[in-house]
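Using this note's numbering, you'd call the opening residue of the sequence shown number 781 and step up by one each time.
Cβ coordinates follow ideal geometry from the N, Cα and C atoms, glycine included.
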Amino acid sequence: MNVQEPRLHVRGESHFIDDQPLPENLLYGAVFVSPTAHGRLNGLNLEKAEKIPGIETIITAPSIPGENQIGSIFPDEPLLADQILHYQGQAIALVIAQSPEIASAGVRAILAEIEELEPVFDPRQAAAKDLLICPPRTFAAGDVEKSWQDCSLIVEGRVDTGGQEHLYLETQGSLALPTDNGGLKIISATQNPTLVQRLTAKVTGLSMHRIEVEVHRLGGAFGGKEEQATAWAVMAGLAAATLKKPVKLVLRRGEDMRYTGKRHPYSSDYRLGLNEQGRMLAYEVTFYQNAGATADLSPAILERTLFHAAGSYFIPNLKATGISCRTNLPPNTAFRGFGAPQAMFVMEAAIFKAAIAMGKDPSEIQKLNLLKSGDYFHFGMEVEHCQAESCWQETEKRFNSDKSKQDIRAFNREHRLVKKGMAFMPVCFGISFTTIFLNQANALVHVYTDGSVSISTGAVEMGQGVNIKILQVAAEIFSISPERIKIESTNTTRAANTSPTAASTGADLNGKATELACRIILERLHRTAAAEQGHNDPGHITIEQEQVLDTGKRTGLDWEKLITIAYLKRVSLSAQAHYATPDIHFDQKKEKGRPFAYLVYGTAIIEVSLDCLRGIYQVDSVKVVHDFGRSLNPLIDLGQAEGAIVQGIGWLTLEELIYSDQGRLLTGNLTNYKVPDIYYTPREMTIHFLKNLNNPLGIFNSKAVGEPPFMYGIAVYWALIEAMRAFRPDMEIPYDAPLTPEKVLLTLYKEEQE
Ligand code: LUZ
Ligand code: MOS
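Below, the structure written as structure tokens:
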């Protein structure tokens, strides 16, 4: 197994933006941002700042040569604020100086004259004022209105989920170098090099071919660099183009936390109707998405919310409405799960409430309503190769969940101040960008004359192991040692018009493009070998473990010799290929279609222990049966699943974003924003790989793994609620994540309201 990336990481040898060798004459950028959540910028006094020795220039909106615009879905986001300030942390001026310290001093010396305007932070208030990012959308199936009368139980309520800081280890940053043709080379920590290229072109007025964007690897991203790495790269590029000198711009942790968007908080209303057995007949839900100040990716995220409104369940009558609400917070953005976790949490809340009303265990309702092959998703796609029930059953059986339930009941009878709880969480997650045109990728493969192989794709390595997976693909197709293969940096001059590495599709899309490009070269090599064998029948040639075989027999030719012959015969040893996911489509007028190449399924059980005196808790175990397809790399996939689950648990428990009533982030550093650490990780985590069928739309029959396991974390919330109810059966159940220890304590000891 080739372990290029991990080897570099554990030795501290891998290069991130901050490890780039520094060019001569390097200048540093710092950003002056809006101190107010909503205001009118009436004047900017730069005089004091400009007098500081070592300040090279200060760039503001009027000095932008091209368009002052970096919105990608909608053009509603200026790079530098011109008149209206929409959130605390919005960039107003870019200070370029000879050192980072001087740049920061320059930022501190800028004076802004601001007229305060009324801010809005609550999505429901924004909706009431008609402050919407885009018109609401509704996905519907069956007839919800007519179905209520058939229900024996109807529950309804409001559900809230909080935001989440990405907390990638490497903060946002970029290094821009002017080139001798009047262009730029931008080294950026982005999931989306083509977007950086396109928007730098727009802002500087240069054409895209003058801008080369290079990405080595990211120190984590989780969606936070799909869209929001762009601004900082464009700023560095703009300054470098203006001054004709290299410029570096890296955010400090506190700046990153305050200036950039996060997972969207949602506030939702639902109504769920069931029959006597607990079968869900009708579900109506409205999602108020807190988009923050600009569109960013919010409409796409809301769309995925609507796709996943029913979670892993079949509900024949469903109506889901999504409202993207414009508020005066930093623009919220992509984050692992991309709107689906918010939808699934509401569904689980509704099931939980119904279960209590019916005196049932929630898992009974969950299990009864699982999707089956032959069902239809509410957006019109047929459910095929469904693994929802097989994962659930395997989870019950393998982890003996009935016994766990009994053990927990026994424990709770015997203990007064410590209580345990458990909950199930089934996941069904659609794989493909829901924006259909993004489902394409390309790869460029070179074989050098010594037999070594170089591969460039649009995939960005961010710790998820996409480079190793692509390398495995090439090693398998050529049947050569992985040591011969190198995955190159991601660069817009080698892979053009790329989609972001996102939506869990990086390995599928770029792996498939790599497979196609390798097959083009392999075909040429087969023909070369056939000619060499004197029969011109390439169909008889195979390469196995670097040996060239003819009708299964050794030829004396090996990989290196064959490459040399091909070169001398003037056969091309390079190929480029393009892959586009077949047979996916969606009609936004009808809100129906087949948006996903396939779905990923699984079931988790989470068990917790709660200290009812202190409100603190621990996760005792996470047990999962997950459908990885035929995993390309089980170790990497396991790491993805474990990391995602812990991140999901963090979202629902510890991680709480608190803002002042003026919209200032009060949890803007790591002493007051708490993420799971090693002591908080589950005591036991067992992830079983479901034995699986072929998945031809995944690379080598594997399944995408980046996002789906995140949502197993949702079980932690209901496990905690179960433990709390064991302590205080009459408590008022909060449907409001995160369930911090503080909230647990306040809920357990809340006085009766008379
Ligand atoms: N990004 C995107 C995503 O642009 N479209 C998507 O559907 C998506 N899904 C998950 C994560 N990122
Ligand atoms: Mo994304 S949330 O960058 O897959």
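- Message: At a cut-off of 6 angstroms, would you count residue 1283 as near ligand 4, judging by its Cβ distance to the nearest heavy atom?
- Response: Of the ligands this structure carries, namely ligand 1 and ligand 2, none is ligand 4.
- Message: I want to know whether the region 1062-1081 touches the region 876-893 - three or more CB-CB distances under 8 angstroms.
- Response: no
- Query: Taking Cβ to Cβ, would you say residue 1034 is nearer than 7 angstroms to residue 948?
  - Reply: no
- Query: Within the present structure, is the beta-carbon of residue 1067 separated from the nearest heavy atom of ligand 1 by less than 6 angstroms?
  - Reply: no
- Message: Suppose the cutoff is 7 angstroms on Cβ atoms and the five residues either side in sequence are ignored; what does the same chain contact list for residue 855 look like?
- Response: 849
- Task: Compute the Euclidean distance between the alpha carbons of residue 985 and residue 860, then round it to the nearest angstrom.
- Result: 16 angstroms
- State yes or no: is the C-beta of residue 1209 within less than 7 angstroms of the C-beta of residue 1498? no
- Message: In whole angstroms, give me the CA-to-CA distance for residue 1231 and residue 1300.
- Response: 16 angstroms
- Task: Whole angstroms is fine: what's the gap from residue 1446's alpha carbon to residue 957's?
- Result: 36 angstroms
- Message: Here's the rule I'm using: 16 or more other beta-carbon atoms within 10 Å means buried, otherwise exposed. How should residue 992 be labelled?
- Response: buried
- Who are residue 1055's beta bridge partners in DSSP? For residue 1055, which the question treats as bridged, DSSP gives no partner whatsoever.
- Message: Below 8 angstroms on the Cβ atoms is my contact criterion, and I expect residue 1488 with residue 1432 to pass it. Report the Cβ-Cβ distance as a whole number of Å.
- Response: At roughly 16 angstroms, the Cβ-Cβ gap does not stay under 8 angstroms, so residue 1488 and residue 1432 are not in contact.
- Starting from the C-beta of residue 1178, find all residues in its chain whose C-beta is less than 7 angstroms away, skip the five residues before and the five after it, and write them out in chain order. 1405 and 1468
- Query: Is it right to say residue 1036 is buried, meaning 16 or more other beta carbons lie within 10 angstroms of its own, or is it exposed?
  - Reply: buried
- Message: I'd like to know if the region 964-984 and the region 1151-1168 are in contact, where contact means that at least 3 CB-CB pairs between them fall below 8 angstroms.
- Response: no
- Can you tell me where the alpha helix (DSSP H) with residue 1506 in it begins and where it stops? 1494-1507
- Query: Which residue comes first and which comes last in the beta strand (DSSP E) that contains residue 1222?
  - Reply: 1220-1227
- Message: Less than 6 angstroms separating the Cβ of residue 1408 from some heavy atom of ligand 2?
- Response: no
- Message: Counting C-beta neighbours from all protein chains within 10 Å, is the total for residue 1030 16 or more, i.e. buried, or is it exposed?
- Response: buried
- Message: Taking the straight line between their C-alpha atoms, what separation do you get for residue 913 and residue 977?
- Response: 25 angstroms
- Message: Does the contact criterion of 3 or more C-beta pairs under 8 angstroms hold for the region 1452-1464 versus the region 1356-1375?
- Response: no
- For residue 1400 and chain D, any beta-carbon pair shorter than 7 angstroms? The structure shown contains no chain D; it is built from a single protein chain.
- Message: Which same chain residues end up closer than 6 angstroms to residue 841 when comparing Cβ atoms and leaving out the 5 residues on each side of it in sequence?
- Response: 848, 860 and 862
- Task: Counting only the same chain and skipping the five closest in sequence on each side, list residues whose C-beta sits under 6 angstroms from that of residue 781.
- Result: Confidence at residue 781 is low in this model, with a pLDDT of 45, below 50, so the placement of that residue should be treated as unreliable; the coordinate-derived value is given next. Nothing meets the Cβ criterion.
- Exposed or buried, which one is residue 1529 when buried takes at least 16 other CB atoms within 10 Å? exposed
- Message: I believe residue 1386 touches residue 1402 by the beta-carbon criterion, under 8 angstroms. Please report the beta-carbon distance rounded to the nearest angstrom.
- Response: 5 angstroms
- Task: Look up residue 915 in the DSSP assignment and say whether it is helix, strand or coil.
- Result: coil
- Can you round the beta-carbon distance between residue 1495 and residue 1203 to whole angstroms, since I take them to be within the 8 angstroms contact cut? 4 angstroms
- Message: At a cut-off of 6 angstroms, would you count residue 1239 as near ligand 2, judging by its Cβ distance to the nearest heavy atom?
- Response: no
- Cβ-heavy atom distance, residue 1006 to ligand 2, below 6 angstroms: yes
- Looking at the structure shown, is residue 978 part of a helix, part of a strand, or coil, going by DSSP? helix
- Task: Provide the residue(s) that pair with residue 955 in DSSP beta bridges, ordered along the chain.
- Result: 967 and 1028
- Task: Confirm, please, whether the CB-CB distance from residue 1113 to residue 1008 is below 7 angstroms.
- Result: yes
- the region 898-912 / the region 829-837 touching (three or more Cβ pairs under 8 angstroms): no
- Query: Is the region 1175-1195 touching the region 1242-1256 in the sense that three or more CB pairs, one from each, lie closer than 8 angstroms?
  - Reply: no
- Local conformation of residue 984 per DSSP, three classes: helix
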